[in-house]
Structures are given as structure tokens and as C-alpha cells.
Amino acid sequence: AQSVTQLDSQVPVFEEAPVELRCNYSSSVSVYLFWYVQYPNQGLQLLLKYLSGSTLVKGINGFEAEFNKSQTSFHLRKPSVHISDTAEYFCAVPNTGGFKTIFGAGTRLFVKA
Amino acid sequence: DTGVSQNPRHKITKRGQNVTFRCDPISEHNRLYWYRQTLGQGPEFLTYFQNEAQLEKSRLLSDRFSAERPKGSFSTLEIQRTEQGDSAMYLCASSLAASYTDTQYFGPGTRLTVL
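Chains as they are written, first to last, in this note's numbering: chain A, 64 to 176; chain B, 191 to 305.
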């Protein structure tokens with residue numbers, strides 16, 4: 064069965080600083096991984112997804128993530144964050160046995176001025 | 191593409207009452223999903239439809255919960271005899287039918303508070 068674990072529940076960071084949000088996955092089958100973002104009072108929005116190919120995946124809003132098979136990780140990074148990046152970020156994996164998506168518990172990114 | 195819409199956005203009800211939520215997916219999307227999100231947690235899968243057929247239900251979906259998608263368009267999620275533990279954000283998402291890796295597009299959610 065697939066699962067994801069987000070290692071940090073909250074990450075405070077100053078504006079223009081780099082940030083890394085950590086995600087580890089567990090899967091016995093082919094690995095596909097997603098990062099979603101949820102802004103306050105809004106629905107979830109896909110940031111990026113890894114399906115195959117290059118292990119470095121670029122997404123929207125300047126975010127990128129690196130798939131690391133040996134460490135079973137899919138950490139999300141941004142070199143310089145903005146106040147507007149304050150949101151909840153979810154790592155997720157599709158259930159290959161069906162069509163549901165399994166989400167991590169989320170990491171709240173709080174960008175301070 | 192007007193996105194996924196959900197109504198109402200907020201619902202406050204008393205314990206024991208029935209509530210119904212509506213989701214309108216993106217028009218060309220065949221698949222429609224319902225998730226529940228409680229405070230501090232990620233969304234948890236409840237059920238999904240391909241067109242009008244309900245193909246999978248989570249064990250989270252007790253007998254008090256029922257979902258429909260008549261004619262494969264909008265969907266409704268009904269909770270009967272609500273309990274305080276039902277208080278959560280109920281999210282709807284839709285996607286094209288091609289693959290389980292297809293992007294799911296989420297609505298803004300319906301926040302349910304059971305008093």
C-alpha cells in the first residue's frame with residue numbers, strides 16, 4: 064500500500080529565504096508523487112507531479128521537487144519565498160489500486176516579513 | 191473552464207439533522223471524488239464516481255453517508271442524522287478518466303459544523 068509522511072507540521076521562514084518541505088513515501092509499486100497547495104479559504108491546487116523521467120520536477124510559482132528513490136523522498140523546495148506562499152502544502156500519492164489520492168497530513172508554511 | 195464549484199460553502203446544523211452538499215465538476219470531467227478534511231489533517235478519500243457509477247467507497251463512509259451523481263454531471267453528498275464528529279471540510283474534485291495519475295481539480299469545499 065502506498066503512503067506518504069510529511070516530516071514537518073509547520074515551517075516558519077522569512078521572506079526571500081529558501082525553504083524545503085519534506086516528504087517521504089512508502090510504496091511497493093511504481094511511484095508517482097504529487098505536491099498540492101491549499102491557500103486559505105481555497106481548494107487544493109496541484110503544484111507539481113512526478114510520473115517518470117527526470118527526478119527534478121518543476122512546478123508552478125517557482126517550486127520544484129526532487130524524487131530520490133534511494134531515500135524514498137520527494138522534498139519540495141523554493142529558493143526564495145514570498146509572503147504569498149503562506150499556505151498548507153500536501154504531499155500525495157495516487158493509489159494504483161484505484162483512483163483515490165492518499166494525502167499526507169500537510170505542512171503549514173508561514174512566510175514572515 | 192469555470193472550475194469545480196461546491197455549495198453551500200458553509201453549513202451549520204444541529205446534531206441529528208440531515209444535510210446535503212452539492213458539487214459541480216468541470217464539465218468534461220468523467221471522474222468525481224469526495225474527500226473529507228479535518229483540522230490539521232490532509233484530505234481523506236470518501237468515494238468516487240466514473241460518470242454516474244459509484245465505483246469505490248471508503249470505510250469512512252458510514253451508512254449515514256450517501257452520494258449520488260445522477261446523469262454523470264453534478265453530485266450530491268448527504269449526511270443523515272449528523273453527529274459532532276462529522277464536522278469537517280468536505281472537498282469535491284474532478285478529473286478526466288484517462289489515468290489515475292491525472293490531475294484532480296478541487297473545489298473550495300463545504301465546511302460543516304455540527305452543534
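Glycine included, every Cβ here is placed at the ideal spot set by N, Cα and C.
Through-space distance from residue j to residue i, alpha-carbon basis
i, j, result
"Tyr131/B", "Pro260/B", "In the structure as shown, chain B begins at 191 and stops at 305. Residue 131/B is therefore absent and cannot be evaluated."
"Tyr225/B", "Ala150/A", "19 Å"
"Gln274/B", "Thr303/B", "8 Å"
"Arg249/B", "Thr228/B", "16 Å"
"Phe211/B", "Cys282/B", "10 Å"
"Tyr95/A", "Arg254/B", "33 Å"
"Asn208/B", "Asp148/A", "38 Å"
"Gln196/B", "Gln101/A", "16 Å"
"Thr164/A", "Ile202/B", "28 Å"
"Ser135/A", "Val82/A", "In the sequence under discussion, the amino acid at residue 135/A is Thr, which differs from the Ser named in the question. Their Cα atoms are separated by approximately 19 Å."
"Thr272/B", "Thr192/B", "31 Å"
"Arg85/A", "Pro298/B", "25 Å"
"Val179/A", "Thr291/B", "What the structure shows of chain A is the stretch from 64 to 176, and residue 179/A is not part of that stretch, so it cannot be assessed."
Own chain, CB closer than 6 Å to residue i, minus 5 neighbours either side, in chain order
i, result
"Asn305/B", "Checking the sequence shown, residue 305/B turns out to be Leu, not Asn. Correct list, in chain order: Lys204."
"Ser90/A", "Gln65"
"Gln105/A", "none"
"Pro215/B", "Val194, Leu222 and Ser284"
"Leu107/A", "Tyr99 and Gln101"
Neighbourhood of residue i by C-beta, 7 Å cutoff - its chain only, sequence neighbours within 5 removed
i, result
"Ala176/A", "Glu78 and Ile146"
"Val92/A", "Thr159"
"Gln270/B", "Asn208 and Arg254"
Partners in chain D for residue i, counting only beta-carbon separations shorter than 7 Å
i, result
"Gly232/B", "Absent here is chain D; the protein component of the structure consists of chains A and B."
- Query: How about the region 255-270 of chain B and the region 153-169 of chain A: do they share at least three Cβ pairs that are nearer than 8 Å?
  - Reply: no
- Task: Identify each residue in the region 151-162 of chain A for which the Cβ-Cβ distance to at least one residue of chain B is less than 8 Å, and report them in chain order.
- Result: Phe153, Ala155, Pro157, Asn158, Thr159, Gly161 and Phe162
- Query: Can we say the region 164-172 of chain A touches the region 242-253 of chain B, given the rule of at least three CB pairs closer than 8 Å?
  - Reply: no
- Message: Along the region 216-228 of chain B, where does the CB come closer than 9 Å to a CB of chain A? Name the residues.
- Response: Arg221, Tyr223, Tyr225 and Gln227
- May I ask you to verify whether the region 117-125 of chain A touches the region 69-83 of chain A, counting CB pairs closer than 8 Å and requiring at least 3? no
- Query: Taking Cβ-Cβ distances below 7 Å as the criterion, which residues of the region 282-304 of chain B are in contact with chain A?
  - Reply: Tyr290, Thr291, Thr293, Gln294, Phe296, Gly297, Pro298 and Gly299
- What are the residues of the region 235-269 of chain B that lie near chain A, defined by any Cβ-Cβ distance shorter than 7 Å? Phe235, Tyr238 and Glu246
- Message: At 3 residues or longer, what runs of the beta strand (DSSP E) sit wholly inside the region 99-125 of chain A?
- Response: 107-113 and 119-121
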